[in-house]
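Q: My questions all concern the structure below.
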Amino acid sequence: MLSMVVELIHTYPILKILATICLCLITAILVIQETFRPVGKRRGPGGKIYKLPPGPKGVPILGSLLSLKDCVLENDHRTVSNRSVHFTFRVNIDREEQLKELAQYGEMTTVHLGSKTWILLNSKRVVYEIIARRGSLTNGRSPMPIASGIVSRHARSLILPPEGWTEKRRVMHHLLSGSALKLYGSWQELESTQMIAEYLYQPNRWFRHHYRYANSVVHRIALGERLEKSSKELADLQNVVTYFVGSIGKSIIDWFPDLDKLPRWMQFWRKHWEELGQWNYEVYRSWWVPVREKVDAGIAPPSFVRDVLLHKDTKFTGDDQEAMYVAMQLIEAGSDTIREALNIFAMSALCYPDKFQKAREEVDRICGTEAGSMRLPVLSDMDQMPYICAMIKELLRWRPIFVLTPDHCLTADLEFEGYSFPAGVGFVINEVPVGNECEDPEDFQPERWLDGHEADVAHGLWQFGGGRRICVGYRLAQRGLFINIARLVMCFNYAAAGEIDSSKLNHHRTDEPFPVKVTARGEEYAQLVKEGASRQGVLTAAQKALPS
């Protein structure tokens, strides 16, 4: 047989050329496949073979990247010039169902995505064991040359590996201190007072009030001043968040990070992302420089930047650019999530009026119902309002803002319950099946959280991540949600103003995300809101029309 093939090749030289081409192609494919072999499929020291949980097989080289792209990507955007950035939001109604299907492999599911390997954690038990108890090993992040490198200039701590994250984490831990929570709490109460007054005067723009509150509070905490920005400045900052999130995993380079080692002249993709990163940087600078100059001049008001980031006793050791990203990412993280959680609250009020009424009864018991003697809820009421606290946790479980957390990358090999995981594997909390690990998961039932840990929003709930990389602002977030939800429950009624689908929250729309009619509970409650706003000096601001 072999002699016949050799004879044919000698007789027809073209066959020799074709055979050579085929051999080169096969060799190239094998080399590429070996070069980009996923972390979990590579052999360890001494030829060690790792044992991973079951999961979909995927296809050569890409693994499950194509089939799961809608689970790991949320936004699609493009840059058309240095300063003009446009995006199209892609709604994926099947994403949660796909994540539920992946949980059918067991408590852990292995998925290979390009040269990366993710282990989806599908139960509370394994999340606790891997993320919380073994947090010293699972505090890494996998490399993302585009999202973390070019777009973020290696300065966003959310997606940095431990060596670039530790110092930023140190200064941000101030947000968890009791003194900080007390100071920032007074600002949260002030901005909440303005928000409910805005509800009163402009009820049709309830969703915009959520955004203004969230952005204003975190702006004051981070930078020290009440928010006084133009509609364009606010839109630019909101777009920075959208485009950054959209860049995570959008480029194939983030899934095959070894491509970043190619010579610069071969990296044809850089121009697009460098333009986005430069635009991001310029927006940040426009917010940061005036604040830093006031700190340098000694005229800045109290803030995280003045009292921690740039203070001589706790001074951040990074350069000015890194300090800017630390401050501005607090605003990024704090504004969008609170806004979305308040939108979920509005949806729950429409779909589960009985739960809303139960929450109102709790607030009424503490704050009164008689005109002249009733008062607005305050943050010190948290311990006396367990149902409101339970409602916050249920909102985040019922309609999770994050269906997948950023990967917790192993910094060393790990043996766990018969499996062996190599360093570099990423553990990802699969929030949908984890949150659904309860009776009647599709129902909104705050009662499921009445277990004595209602006031700890991170206990049993993983929307803020966990372990050493838990969101440092989770307590601030809980307090902000508490003060607003308690006051809205007390003072306002919600009714559907059109067709409602509780699974379509439409967070990324700039107009009304779903049709709601908001009205004051009664004249005495309207008066209570006005008096509170007048006393706090925010009544006039609440009466002004918000920017579009």
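Going by my numbering, the first residue of the sequence shown is number 81, and it counts up by one from there.
Glycine residues also receive a C-beta, built at the ideal position from the N, C-alpha and C atoms.
Counting pairs of Cβ atoms below 8 Å between the segment 543-551 and the segment 252-259, do you hit three or more?
A: With a cut-off of 8 Å, the segment 252-259 and the segment 543-551 do not count as touching, because too few Cβ pairs lie within range.
Q: With DSSP collapsed to three states, give me the class of Y499.
A: Strand at Y499.
Q: Report, in whole angstroms, the separation of the C-beta atoms of Q268 and G560, which I expect to be a contact under 8 Å.
A: Confirmed, about 5 Å.
Q: Would you mind stating whether V297 and N360 have Cβ atoms separated by less than 7 Å?
A: No; because the gap between Cβ atoms is not below 7 Å, this pair is not in contact.
Q: Relative to the C-alpha of Y291, which candidate in Y185, N202, I411 and G506 has its C-alpha closest?
A: Nearest C-alpha to Y291: I411.
Q: Would you mind reading off the limits of the beta strand (DSSP E) that contains T190?
A: Run containing T190: M188 to L193, per the beta strand (DSSP E) assignment.
Q: Measure the C-alpha to C-alpha separation of Q282 and Q623 and round it to an integer number of angstroms.
A: Approximately 8 Å between the Cα atoms of the pair.
Q: Straight-line CA distance for A621 to R288?
A: Answer to the nearest angstrom: the Cα atoms are 14 Å apart.
Q: Give the straight-line distance between the Cα atoms of I333 and K341, rounded to the nearest whole angstrom.
A: So the alpha carbons of these two residues sit roughly 10 Å apart.
Q: Could you give the distance in angstroms between the alpha-carbon of V73 and the alpha-carbon of G452?
A: This structure cannot speak to residue 73, because the chain is shown only from 81 to 628.
Q: Could you give the residue range of the beta strand (DSSP E) that holds W198?
A: Counting along the chain, the beta strand (DSSP E) containing W198 begins and ends at K196 to L201.
Q: Would DSSP call K438 helix, strand or coil?
A: Helix at K438.
Q: Pull up the DSSP beta-bridge partners for L494, would you.
A: Partner(s): F501.
Q: Under 7 Å, do H587 and E420 count as touching if we go by C-beta distance?
A: Going by C-beta atoms, H587 is nearer than 7 Å to E420.
Q: Return the residue from the list E313, H488, Y323 and D581 that minimises the CA-CA distance to P241.
A: Nearest C-alpha to P241: H488.
Q: Can you check which of these residues, L193, V443, A557 and L217, is closest to L494 by C-alpha distance?
A: The shortest C-alpha separation from L494 is found at L217.
Q: What is the residue span of the alpha helix (DSSP H) that V514 lies within?
A: Looking at the DSSP string, the run of the alpha helix (DSSP H) that includes V514 is E511 to G515.
Q: How big is the Cα-Cα spacing for F167 and K128?
A: Because the pLDDT at F167 is just 32, under 50, the model does not fix this residue reliably, and the value given afterwards should be weighed accordingly. Using only the alpha carbons, I get a separation of about 45 Å.
Q: Whose CA, out of R117, S222, D531 and L307, lies closest to the CA of G329?
A: For the residues R117, S222, D531 and L307, the minimum Cα distance to G329 belongs to S222.
Q: State the DSSP-derived secondary structure class of L484, mapped to helix, strand or coil.
A: Reduced to three states, the DSSP call for L484 is strand.
Q: Between L146 and L179, what straight-line distance do the alpha-carbon atoms span, to the nearest angstrom?
A: Answer to the nearest angstrom: the Cα atoms are 14 Å apart.
Q: Identify whether V165 lies in helix, strand or coil by the three-state DSSP scheme.
A: Below a pLDDT of 50, predicted positions are generally treated as unreliable, and V165, at 36, falls in that range; the measurement from the model is reported next regardless. If DSSP states are grouped into helix, strand and coil, V165 belongs with the strands.
Q: Please state whether the Cβ-Cβ distance between P118 and S195 is less than 7 Å.
A: Cβ distance < 7 Å, so P118 and S195 count as in contact.
Q: Measuring alpha carbon to alpha carbon, tell me which of K584, M570 and I580 ends up nearest L608.
A: Ranking K584, M570 and I580 by Cα distance to L608 puts M570 first.
Q: In this structure, what does DSSP give as the bridge partners for F507?
A: BP columns for F507 point to I199 and H488.
Q: Since T599 sits in a beta bridge, which residues does DSSP pair it with?
A: Bridge partners of T599: N573.
Q: Taking the CB atoms as reference points, tell me whether S415 and A294 lie closer together than 7 Å.
A: Yes, they are a contact pair.
Q: Helix or strand or just coil, what does DSSP make of G220?
A: Strand at G220.
Q: Using only the alpha-carbon positions, how far apart do L132 and G120 sit?
A: Whole-angstrom Cα-Cα distance: 7 Å.
Q: Would you call A377 buried or exposed, if buried means 16 or more other Cβ atoms sit within 10 Å of its Cβ?
A: It is exposed - the Cβ of A377 has fewer than 16 other Cβ atoms within 10 Å.
Q: Mind pulling the alpha helix (DSSP H) runs of 4 or more residues that sit fully within the segment 300-366?
A: Whole alpha helix (DSSP H) segments, 4+ residues: 311-327 and 332-335.
Q: Let me confirm a value: Q437 is counted as buried when at least 16 other C-beta atoms fall within 10 Å, else exposed. Which label applies?
A: Burial call: exposed.
Q: Roughly how many whole angstroms lie between the Cα atoms of F496 and E177?
A: C-alpha separation (whole angstroms): 28 Å.
Q: Just to confirm, does L142 get its C-beta within under 6 Å of one of the non-hydrogen atoms of the ligand FAD?
A: The ligand FAD is absent from the structure shown, which contains no ligands of any kind.
Q: For E181, report the span of its alpha helix (DSSP H) as first-last.
A: R175 to L182 is the span of the alpha helix (DSSP H), which, as asked, contains E181.
Q: Residues in the same chain with beta-carbon distance under 7 Å from G578, minus the five sequence neighbours each way, listed in chain order, please.
A: Answer for G578: P595, listed in chain order.
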